[in-house]
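Engineer: Per our numbering, the sequence shown starts with residue -18, numbered consecutively.
Every residue, glycine too, gets a C-beta built ideally from N, C-alpha and C.
Bear in mind the structure is a predicted one, so any value in this text is a computation, not a measurement.
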Amino acid sequence: MFVKPAPGVLLRDPVTKQLLSSSPVEGVKTTVVPDEGMQVDDFDMFWRRRLRDGDAVRAISPKTAPSAPAAPAVAVPATEKTSS
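See the structure below:
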């Protein structure tokens, strides 16, 4: 999953111990997470808790972002088979 800090929130990355933010913060050295977010494990309890508490938000990865609406599926009628 891809996550990023919620606007106005500073989070500490549990692996690198660096402060993460969604935008630059004046007077504080932070690592700005891009809009696409950073990839973390789907089952990482740290990030699950941050999402639940509202300190982080899920970001849509560039791979899963919808590019164009899909065409609706068209049902094809079944043909009846007859024995001769």
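Pick helix, strand or coil for Ala19, following the three-state DSSP scheme.
Structural biologist: Going by the sequence as given, residue 19 is Met instead of Ala. Three-state DSSP puts Met19 in a strand.
Engineer: Tell me the rounded alpha-carbon separation between Arg31 and Gly8.
Structural biologist: Roughly 24 Å between the two C-alpha positions.
Engineer: Considering just the uninterrupted stretch of the alpha helix (DSSP H) at Ala(-17), what are its terminal residues?
Structural biologist: Note on residue identity: the sequence assigns Phe, not Ala, to residue -17. Not the alpha helix (DSSP H): Phe(-17) falls in the beta strand (DSSP E), residues Phe(-17) to Pro(-14).
Engineer: Counting only the same chain and skipping the five closest in sequence on each side, list residues whose C-beta sits under 6 Å from that of Phe(-17).
Structural biologist: Cβ within range, chain order: Gly18, Gln20, Ala40 and Ser42.
Engineer: Quick one: residues in its chain with C-beta nearer than 8 Å to the C-beta of Asp36, no 5 flanking neighbours on either side, listed in chain order?
Structural biologist: Here the set comprises Pro(-14), Ala(-13), Val(-10) and Leu(-8).
Engineer: Work out the CA separation of Pro(-5) and Ser2 for me, nearest whole Å.
Structural biologist: When rounded, the distance between both Cα atoms is 14 Å.
Engineer: Tell me which residue opens and which closes the beta strand (DSSP E) that Leu0 is part of.
Structural biologist: Looking at the DSSP string, the run of the beta strand (DSSP E) that includes Leu0 is Leu0 to Ser2.
Engineer: How far does the beta strand (DSSP E) with Val67 in it reach, from first residue to last?
Structural biologist: Outside the displayed span of the chain (-18 to 65) sits residue 67, for which this structure offers no information.
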